[in-house]
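Chemist: Supplied in structure tokens, the structure appears directly below.
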Amino acid sequence: MSMIDDLSFFQQVATRGSLTEVARQMGLSLPAVSKRLSQLEARLGVQLLQRTTRRLSLTPEGVLYLEGGRPILRQLEELESALNSRQPTLHGRLRINGTLGFGRRHLAPVVSSFARLHPELEISLELTSQPLSLLDDQFDIGVFMGEPPDSRLIGIRLLENPRILCASPNYLEGRPVLQSVADLAEHNCIVLRQFGSDYAIWRFHKDGQDYSHKVSGTLSSNDGEVALNLALEGHGLILRSRWDVQAHLQSGRLQAVLQEYQPPPGDIFAMYQHRRHIPQRISLFTQYLAQELAKRLPFAVVG
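Every number in our numbering is 120 more than the matching position in the sequence shown, counting from 1.
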């Protein structure tokens with residue numbers, strides 16, 4: 121193996137923190153990955169990782185090798201990208217991270233059609249319940265809700281994504297009419313427990329004033345699709361992204377309420393690291409993603 125291969129291998133081990141996960145990603149056996157790490161440490165003459173039965177932790181030498189290797193790998197990738205940009209065919213690897221619900225329904229189909237256009241490009245799409253860091257070079261692009269959390273990231277707004285408070289007509293029939301945020305206290309609210317946030321506090325904005333209410337209900341879930349189905353089955357109010365409920369609002373299966381009160385938006389962004397030269401595969405996929413999402417979700421096109 122070359123020194124560059126060793127650097128890339130160790131980057132994967134350090135960022136994933138699990139030899140088992142690295143073995144799965146590389147399509148190798150766990151003993152093979154463990155042996156390669158031992159051979160790398162033997163070649164360098166230092167221990168890079170402290171291994172216990174529960175976790176891996178970097179030694180000081182491991183930190184030095186990790187942090188020193190990142191700019192080398194990035195510069196090599198930028199060099200190859202500059203060369204590839206002169207060619208009509210995309211090559212290399214494109215690693216994408218997206219969230220589960222939006223990723224399954226909209227991101228994966230776009231990745232599929234992009235792959236048909238660029239059969240020489242290796243694409244990896246990893247969907248997770250929470251966004252993963254883009255700063256450790258584990259992924260090239262992240263497609264998340266909300267603006268970039270770090271100034272070292274470039275954020276391209278793909279879609280406007282207002283949140284809608286809604287419920288099924290069956291649930292609303294015969295229950296107290298919602299006229300203000302305070303009226304939520306009289307209703308069963310389906311709570312989505314995700315990302316360790318203050319999920320039970322629903323926030324709104326109207327006429328320059330902010331409102332919040334700690335909601336309660338008999339049903340909750342950590343999965344957005346489950347929560348949506350509970351609302352469709354008449355169990356209570358739900359606060360969901362417009363892309364997730366628009367079809368049900370149009371069909372009449374869900375009905376929007378308190379429309380004069382606006383929940384905080386969760387616009388959808390494509391994010392990637394600031395670089396001197398943006399690899400062509402990143403820039404072209406971002407452009408293609410914006411174009412295709414506009415076709416799939418025309419009501420959410422950025423104005």
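No residue lacks a Cβ here, since even glycine has one placed at the ideal position from N, Cα and C. It should be emphasised that the depicted structure is a prediction, and the values quoted were computed from it without experimental measurement.
For the stretch 180-199 and the stretch 138-158, state whether three or more C-beta atom pairs, one from each stretch, are separated by less than 8 Å.
Modeler: By the Cβ rule, the stretch 180-199 does not count as touching the stretch 138-158, because fewer than three pairs are nearer than 8 Å.
Chemist: For Ser-158, which of helix, strand or coil comes out of DSSP?
Modeler: helix
Chemist: Looking at the unbroken alpha helix (DSSP H) that takes in Ser-128, where does it start and where does it end?
Modeler: 123-136
Chemist: How many Å lie between Leu-199 and His-397 at the Cα?
Modeler: 9 Å
Chemist: For Ser-244, which residues in the same chain have their Cβ closer than 6 Å to its Cβ, ignoring the five residues on either side in sequence?
Modeler: Arg-215
Chemist: Is Ala-390 helix, strand or coil by DSSP?
Modeler: strand
Chemist: Using three-state DSSP, classify Ala-320 as helix, strand or coil.
Modeler: coil
Chemist: With distances taken Cα to Cα, identify the nearest neighbour of Gln-407 among Tyr-319, Met-391, Phe-222, Ala-287.
Modeler: Met-391
Chemist: Do Asp-260 and Ile-402 have their C-beta atoms within less than 8 Å of each other?
Modeler: Cβ distance < 8 Å, so Asp-260 and Ile-402 count as in contact.
Chemist: At what residues does the beta strand (DSSP E) containing Leu-247 begin and finish?
Modeler: 242-248
Chemist: In the DSSP assignment, what residue or residues form a beta bridge with Leu-169?
Modeler: Leu-178
Chemist: Mapping the DSSP letters down to three states, classify Tyr-331 as helix, strand or coil.
Modeler: The answer is strand: DSSP assigns Tyr-331 an E or B state.
Chemist: Going along the chain, which residues of its own chain have a beta-carbon closer than 7 Å to the beta-carbon of Pro-151, five neighbours each way excluded?
Modeler: Nothing listed; no residue qualifies.
Chemist: Give me, in chain order, the residues of the same chain whose beta-carbon lies closer than 8 Å to that of Gly-231; leave out the 5 immediate sequence neighbours on both sides.
Modeler: Note on identity: in this sequence residue 231 is Val, with Gly being the wrong assignment. Answer for Val-231: Ile-216, Ile-243, Leu-245, listed in chain order.
Chemist: To the nearest angstrom, how far is the alpha carbon of Ala-287 from that of Pro-229?
Modeler: 28 Å
Chemist: Spatial neighbours of Trp-322 within its chain, please: CB distance less than 6 Å, with the 5 preceding and 5 following residues excluded, ordered by chain position.
Modeler: His-333, Val-335, Leu-359
Chemist: Given that a residue counts as buried once 16 or more other Cβ atoms are within 10 Å of its Cβ, and exposed if not, what is Arg-144?
Modeler: exposed
Chemist: So for Phe-259, helix, strand or coil by DSSP?
Modeler: coil
Chemist: Which of the three DSSP states, helix, strand or coil, is assigned to Leu-278?
Modeler: Leu-278 carries a strand assignment under DSSP once its states are collapsed to helix, strand and coil.
Chemist: If you run the structure through DSSP and keep just helix, strand and coil, what is Ile-310?
Modeler: coil
Chemist: Identify every residue that forms a DSSP beta bridge with Arg-283.
Modeler: Bridge partners of Arg-283: Ser-361.
Chemist: Would you list the residues sitting across from Gly-421 in a DSSP beta bridge?
Modeler: One detail in the question is off: residue 421 reads as Val in this sequence, not Gly. In DSSP, Val-421 forms a bridge with Leu-279.
Chemist: Can you check whether the CB of Asn-290 is closer than 8 Å to the CB of Pro-385?
Modeler: no
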